[in-house]
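**Q**
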Amino acid sequence: KTGFLVRKVHADCDGKRTPRGKRGWKTFYAVLKGLILYLQKGEYQPDKQLSDEDLKNAVSIHHSLAIRATDYSKRPNVFYLRTADWRVYLFQAPNAEQMQSWITRINTV
Ligand code: I3P
Numbered sequence: 001k002t003g004f005l006v007r008k009v010h011a012d013c014d015g016k017r018t019p020r021g022k023r024g025w026k027t028f029y030a031v032l033k034g035l036i037l038y039l040q041k042g043e044y045q046p047d048k049q050l051s052d053e054d055l056k057n058a059v060s061i062h063h064s065l066a067i068r069a070t071d072y073s074k075r076p077n078v079f080y081l082r083t084a085d086w087r088v089y090l091f092q093a094p095n096a097e098q099m100q101s102w103i104t105r106i107n108t109v
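The opening position of the sequence shown corresponds to residue 1 in this note's numbering, with each subsequent residue numbered one higher.
Structure, rendered in structure tokens:
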């Protein structure tokens, strides 16, 4: 599955609150491949090698959980992604259908 997602980093490893200055929303082109959610800046280029930054932004979704962010009302179509090492991301999808599709795909791998 692929598509644009806007990401906010809420908690780093072990659930520590991500510090100010690193909590802004950023747009990525997301590619879910196996157990990895790749987040690339800018347009998706299938043949492009992943940059160091792309690799740093990749998220392991093994033992992770995606949940609709019903308590977050500043933006629509937002879901939480909590990873096995207790990072927490918020992702905004372009519409409700895409949001549900990402949640389902992430939770059923
Ligand atoms: C963050 C940025 C986010 C905001 C977050 C800020 O600042 O303005 O948009 O989250 O608030 O800390 P920075 O880019 O300097 O990290 P919201 O859009 O959800 O308000 P927060 O610290 O209350 O999460």
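Quick reminder that beta carbons are idealized off the backbone N, C-alpha and C, glycines included.
Please read these numbers as outputs of a predicted model, since none were measured by experiment.
#1: For Lys22, which residues of its own chain have a beta-carbon under 8 Å away from its beta-carbon, when the five flanking residues on both sides are left out?
#2: What are the boundary residues of the alpha helix (DSSP H) that includes Gln100?
#3: Give the secondary structure of Gly24 by DSSP, where H, G and I count as helix, E and B as strand, and everything else as coil.
#4: Using 8 Å for Cβ pairs, my map puts Arg105 next to Gln92. What's the rounded Cβ distance?
#5: Under 8 Å Cβ to Cβ from Ala84, same chain only, skipping five residues before and after it: list those, please.
#6: Any heavy atom of ligand 1 closer than 6 Å to the beta-carbon of Lys74?
#7: Confirm the yes/no value for this check: CB of Arg23, any heavy atom of ligand 1, distance under 6 Å.
#8: For Pro46 and Leu35, I'd like the C-alpha separation in whole angstroms.
#9: Excluding sequence positions up to five away, which residues of its chain have a Cβ less than 8 Å from the Cβ of Pro94?
#10: State buried or exposed for Ile67, treating a residue as buried only when at least 16 other CB atoms are found within 10 Å of its CB.
**A** A quick look at the data gives this:
#1: Val9
#2: Ala96 to Asn107
#3: coil
#4: Contact flag wrong, Cβ pair sits at about 16 Å.
#5: Ser60, His62, His63 and Ser64
#6: yes
#7: yes
#8: 18 Å
#9: Gly3, Phe4 and Asn77
#10: exposed
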